[in-house]
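Asker: Once you've had a glance at the structure underneath, I'll fire off some questions.
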Amino acid sequence: KTSAVKMPSKSFPSTKTLSLYALSFCCGVLIYSYNRELYTPFVLDLPLVSYFNSTVNESFAPAEVILPPLPPFKSSTLTKPTAWTLTVSKGTKKRKSIVCYCAKCGSTSITNELYKIVFGKPWDYPLTEPWIQELDSTRWEGLGKKVRKIDFGKTSSFAVIRDPKERIMSAFRSKVGCQGWNDFEDREKIVPALLRLAGLPEKVASKPQYGSGLCLNKTVYLRALFMIHEQGLQGKLNDHFLPQHLHCFRHAPPSKWTVVTTVESPKARCDLELVVLGKSAGKNCSLIKTHGTSKKARTSEALSAIDEARLDAITRKEYQFFGSYLN
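Heads up: the sequence shown at position 253 corresponds to 253 in the UniProt record's numbering, and the numbers run straight through without jumps.
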């Protein structure tokens, strides 16, 4: 005789128990929502480290950066821009032209080509002063003259510009960075001057891999530049960091120049030849670009969100000013 197995009867939670479950669930949802809001990145208006703070507090979060708007530029701080008049003999006549280029805009490439155009041979002087960019030196045989006030009249003119962000980061690598073989002599002077203008202490700087003096990492460098712009003092910047629209174009907008170009333009050399000589052979029109840093260094930029925001802020005016001229 087989006995049946007695199965336990199913018991359902009481109404009171279900109410407790529901209450616990609701509490859990509320706690989760609170924590989610608490830890989700949001714009936090707090100052940075005391000695590393700008004149206006920045708001920032891991995925978002909001910088305060930069004030108008203080024109009283600007040193006068420098351009060059070049006088070239053509038989019994002399042709005058105006040439202007900023530091880190391709000045080495432009002046090397200019020398070949004028003298018919490459620059073959040793790497000593006076440098090729100094058109009023004896090596240019008196053909160049520095001018502070640009008066075009009927004179042909040629100006070189560069992508603003590329230029700022190129100046970082060659003049203030800590890695590689930089311009040590310039760096020893430029870094302290840059920090003083920004109002930052030298303790935010670093020791370079090679050479003496101080150097800056990318974050401190861009922070210093932003603080200088924030105070309207960009007119006092070293030529390598001075915004381009405050140099060749301070009193003469791009539309006043015969040619405004970049060294990457496929006809930059022929345009230079046309302005200086009044004619161009129309051959080998592209420039041979000369860089002070290796291709590997030029293509290895990695910026944080706050660094990108600062770089964007300090170059925005230049992009607005030049527009299609940068294409």
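Every residue, glycine too, gets a C-beta built ideally from N, C-alpha and C.
Bear in mind the structure is a predicted one, so any value in this text is a computation, not a measurement.
Check the DSSP bridge columns for tyrosine 144 and list the partner residues they point to.
Answerer: For the purposes of this step, residue 144 is taken as residue 144 along the sequence shown, with counting starting at 1. Here residue 144 turns out to be glycine, not tyrosine, going by the sequence shown. In DSSP, glycine 144 forms a bridge with Leu86.
Asker: What's the gap between the Cα of arginine 139 and the Cα of leucine 277?
Answerer: Start at 1 with the first residue of the sequence shown, and residue 139 comes out as number 139. Start at 1 with the first residue of the sequence shown, and residue 277 comes out as number 277. Taking the straight line from one Cα to the other gives about 19 Å.
Asker: Looking at the structure shown, is threonine 261 part of a helix, part of a strand, or coil, going by DSSP?
Answerer: If you number the sequence shown from 1, residue 261 lands on position 261. Three-state DSSP puts threonine 261 in a strand.
Asker: From which residue to which residue does the alpha helix (DSSP H) around cysteine 270 run?
Answerer: The sequence position of residue 270 within the sequence shown is 270, counting from 1. Cysteine 270 -> alpha helix (DSSP H) spans 268-277.
Asker: CA-CA distance, lysine 279 and lysine 90?
Answerer: Counting from one through the sequence shown, the residue named residue 279 turns up at place 279. Counting from one through the sequence shown, the residue named residue 90 turns up at place 90. So the two alpha carbons sit approximately 11 Å from each other.
Asker: Alanine 159 by DSSP, collapsed to three states: which one?
Answerer: By 1-based counting over the sequence shown, the position of residue 159 is 159. Three-state DSSP puts alanine 159 in a strand.
Asker: Mind checking lysine 104: buried by the 16 CB within 10 Å criterion, or exposed?
Answerer: On the sequence shown, residue 104 is found 104 positions in, with the first residue counted as 1. With 16 or more Cβ atoms within 10 Å of its Cβ, lysine 104 is classed as buried.
Asker: Using the Cα positions of aspartate 183 and alanine 193, report the straight-line distance between them to the nearest angstrom.
Answerer: What you label residue 183 is simply residue 183 of the sequence shown in a count that begins at 1. What you label residue 193 is simply residue 193 of the sequence shown in a count that begins at 1. Taking the straight line from one Cα to the other gives about 15 Å.
Asker: Sorted by chain position, which residues of the same chain lie with C-beta nearer than 6 Å to serine 156's C-beta, five sequence neighbours on each side aside?
Answerer: For the purposes of this step, residue 156 is taken as residue 156 along the sequence shown, with counting starting at 1. Correct list, in chain order: Ser97, Thr258 and Val275.
Asker: Let's see if you can read the secondary structure: which residues bound the beta strand (DSSP E) around valine 204?
Answerer: For this step, residue 204 is matched to residue 204 along the sequence shown. Neither: valine 204 is in no beta strand (DSSP E) and is coded neither H nor E.
Asker: Of the choices Lys154, Lys94 and Asn112, whose alpha-carbon is the least far from that of leucine 143?
Answerer: Position 143 of the sequence shown, counted from the first residue, corresponds to residue 143. When only C-alpha atoms are compared, the closest one is Lys94.
Asker: Extract the residue ranges of the alpha helix (DSSP H) inside the region 86-134, only unbroken runs of 4 or more that lie entirely within it.
Answerer: Qualifying alpha helix (DSSP H) stretches, in chain order: 107-119.
Asker: Skipping 5 residues on each side, what residues in its chain have a beta carbon closer than 6 Å to that of phenylalanine 172?
Answerer: As a position in the sequence shown, residue 172 is number 172, starting the count at 1. Excluding positions up to five away in sequence, the list reads Tyr221.
Asker: For the region 219-234 against the region 254-273, do three or more pairs of beta-carbon atoms, one drawn from each stretch, fall closer than 8 Å, so that the two count as touching?
Answerer: Judged by Cβ distances under 8 Å, the region 219-234 makes no contact with the region 254-273, as fewer than three pairs qualify.
Asker: What first and last residue would you give for the alpha helix (DSSP H) that runs through arginine 223?
Answerer: Position 223 of the sequence shown holds residue 223. Start and end: 218-230.
Asker: Tell me where the alpha helix (DSSP H) around threonine 315 begins and ends.
Answerer: Counting from one through the sequence shown, the residue named residue 315 turns up at place 315. Taken as a continuous stretch (DSSP letters only), the alpha helix (DSSP H) holding threonine 315 covers 305-322.
Asker: Identify, in the order they occur along the chain, each residue of the same chain with its Cβ nearer than 8 Å to the Cβ of threonine 82, setting aside the five sequence neighbours on each side.
Answerer: Looking up residue 82 in the sequence shown gives position 82. Same-chain partners within the cutoff: Cys100, Lys146, Val147, Arg148 and His247.
Asker: Note the first and the last residue of the continuous alpha helix (DSSP H) segment covering arginine 196.
Answerer: By one-based count along the sequence shown, residue 196 stands at place 196. Where arginine 196 is concerned, the enclosing alpha helix (DSSP H) stretches over 184-198.
Asker: Report yes or no: do three or more beta-carbon pairs, one from the region 114-126 and one from the region 174-191, lie closer than 8 Å?
Answerer: Touching, no.
Asker: Which residue comes first and which comes last in the alpha helix (DSSP H) that contains arginine 167?
Answerer: Here residue 167 refers to the residue found at position 167 when the sequence shown is read from its first residue. Looking at the DSSP string, the run of the alpha helix (DSSP H) that includes arginine 167 is 164-171.
Asker: What does DSSP give as the partner residues of cysteine 215 in its beta bridges?
Answerer: In the sequence shown, residue 215 corresponds to position 215, counting from 1. Partner(s): Ser206.
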